[in-house]
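Top to bottom, those sequences are chains A and B. Under our numbering, the letters of the first sequence match residues 1 to 208, in that order. Under our numbering, the letters of the second sequence match residues 1001 to 1208, in that order.
Protein chains: 2
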Amino acid sequence: MAEELIERTVGVVLYPGFESLDVYGPVEAFGCVPGFFRVLMVADKAGPVVSAQGPRTVADHGFADAPKLDVLLVPGGIGTNDQVGNRTLLDWLVARARDAEVVTSVCSGSWLLAAAGLLDGRRATSNKMFFAGAREHGNGVDWVPKARWVEDGKFVTSSGVSAGTDMALHVVARLAGRDVADNVARAMEYTWETDPENDPFASVWGLA
Amino acid sequence: MAEELIERTVGVVLYPGFESLDVYGPVEAFGCVPGFFRVLMVADKAGPVVSAQGPRTVADHGFADAPKLDVLLVPGGIGTNDQVGNRTLLDWLVARARDAEVVTSVCSGSWLLAAAGLLDGRRATSNKMFFAGAREHGNGVDWVPKARWVEDGKFVTSSGVSAGTDMALHVVARLAGRDVADNVARAMEYTWETDPENDPFASVWGLA
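Shown next, in the form of structure tokens:
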């Protein structure tokens, strides 16, 4: 059952070296329910942004001209390393997080939210292969090593890469209703992991 | 164990209304092992191509100037309906399939391979929600209703959307070795369905 029939704008933050599936698992989940969500790509300026895997995605808007974003999504990827010190990006995240209904991250995207100070005093997670990086960039954060995703108020952070798809479906359920999310998962032929605590990769990477 | 340390070029065919995850699940799998695979986006002409979910991906090459493609990947999506009668695309697929080592499709991408005549006399699958469409576009094909993916010689066709990720990891294993594919799946924090016959969505959509 949809709780509110209003269309939210999902803003996906791109930077060079973003991880493809961090972006496009959630894009698939949100983008399959027009009427509930529309998906926009945002970067420092409009135009093509290269992913860690090579293919380029077009940013629809630059930071300055992006409309109100109801849901923010911050992907991870090798490019995160160059962005944790990018004050322009971090300040923009702080400003846009204030006005957003839900702020999400996938993989090392949570390093950026942490570096911006947005996760201080909150529970959050990040990808498991490079979990030390999360601790390094946010020592005021209560990092949860074993979680597919972690929800703390408006902030929903997921573990690595494909965990973002499970997290995004959860956000679809939170904002549009569980039935809608179930239908999307079925159309995607995706076996949605609905339990945020079921994280087989924490032990794979020696964290549990 | 990698069987051959040569870099293959993966050519992903884009057209307006392609399904995002059909493209980017496989892009993630192939694109995470540079040295083994490089991923190129190809469309009728170079430049941005809009997906079914809204975001645009840049085609690196047009059909005419694309280099040799060792692996072809044909995604599905709502746009397939406009392409099944596109003789330019279908002829290009026939020509490029001849020279490719492996030809893959995701979801309704198999309709295009079928419409091009490439699957005649072969076993293949397609997405489950619209399985009737597969039969309509390829009555000389032995369509398999219950399969996550189907491999028949150089042709590897997958079921809907997220099934493409499992199929792509299988192709990574076939061409670069199972250890490489396992490492990619772990880095993606992805629970790879390695059994092509385990298809829970055939019964969801009334096909088994």
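Don't be surprised by glycine CBs; every beta carbon is placed ideally from N, CA and C. In this text, all values refer to a predicted model and were calculated from it rather than measured experimentally.
Approximately 7 Å separates the beta-carbon atoms of B/S1159 and B/W1149; this is inside 8 Å, confirming the contact.
Listed along the chain, the chain B residues whose CB falls inside 7 Å of the CB of A/S162 are M1188, E1189 and Y1190.
Annotated as distal: A/Q83 and B/E1028, with beta-carbon spacing of 8 Å or more. Within the model, the alpha-carbon separation for A/G62 versus B/W1143 is close to 46 Å. For B/K1045, no Cβ of chain A is located within less than 8 Å of the residue's own Cβ. Using a CB distance below 8 Å, the part of the region 1036 to 1065 of chain B facing chain A consists of R1038, V1039, L1040, M1041, P1048, S1051, A1052, Q1053, G1054, P1055, R1056, T1057, V1058 and D1060, ordered along the chain. Nearest to A/K146 by C-alpha distance, out of A/F155, A/M129 and A/N139, is A/M129. When 7 Å is used as the limit between beta carbons, B/Y1024 is near these residues of chain A: S20, L21 and Y24, in chain order. Under the 10 Å beta carbon count, B/L1005 is surrounded by fewer than 16 other beta carbons and is classified as exposed. Residue contact check for A/S159 against chain B: a CB pair falls below 8 Å. Beyond the five residues adjoining it in sequence on each side, A/V12 comes within less than 6 Å, by CB distance, of V23, M41 and L73 in the same chain, given in chain order.
The C-beta of A/M167 comes no closer than 8 Å to any C-beta of chain B. For B/S1105, the uninterrupted beta strand (DSSP E) run begins and ends at V1102 to S1105, by DSSP. When secondary structure is reduced to three states using DSSP, B/E1028 falls in the helix class.
From the listed residues B/A1115, B/V1106 and B/G1076, the smallest Cα separation to B/L1093 is found for B/A1115.
Scanning A/P75, A/A46, A/T80 and A/S126 for the CA closest to the CA of A/P67 turns up A/A46. Between B/A1185 and B/L1207, the gap from beta carbon to beta carbon reaches 8 Å or more. In the structure shown, the three-state DSSP call for B/V1144 is coil. Taking a beta-carbon distance threshold of 8 Å, A/K68 does not count as an interface residue toward chain B. C-alpha of A/T57 to C-alpha of B/P1055: approximately 7 Å in a straight line.
A contact is defined here as three or more CB-CB pairs under 8 Å, and the region 103 to 110 of chain A meets this definition with respect to the region 119 to 129 of chain A. Interface criterion met: the Cβ of B/K1128 is under 8 Å from a Cβ in chain A. Excluding its 5 nearest sequence neighbours in each direction, A/L118 has C-beta neighbours in its own chain below 8 Å: L93, V94, A97, V103 and F155, listed in chain order.
Interface criterion met: the Cβ of B/F1201 is under 8 Å from a Cβ in chain A. Only residues of its own chain outside the window of five on either side were considered, and among them L1040 and M1041 have a CB closer than 6 Å to the CB of B/D1060, listed in chain order.
The Cβ atoms of A/G79 and A/G31 lie no closer than 8 Å to each other. At least one C-beta of chain B is nearer than 8 Å to the C-beta of A/E28. Around A/V204, the beta-carbon contacts reaching into chain B at under 9 Å are R1186 and E1189. B/G1140 is not a Cβ neighbour of B/G1153, given a cutoff of 8 Å. Interface annotation, B/G1031: in contact with chain A, CB-CB separation under 8 Å.
Distance from the CA of A/S203 to the CA of B/E1189, rounded to the nearest whole angstrom, comes to 11 Å. In the structure shown, the three-state DSSP call for B/T1125 is coil. Buried is the label assigned to B/A1181, since at least 16 other Cβ atoms lie within 10 Å of its Cβ. Where A/S162 is concerned, there is no enclosing beta strand (DSSP E), because DSSP gives it neither an H nor an E.
The beta carbons of B/V1033 and B/A1176 sit closer together than 8 Å. The continuous alpha helix (DSSP H) containing B/D1091 extends over residues R1087 to D1099.
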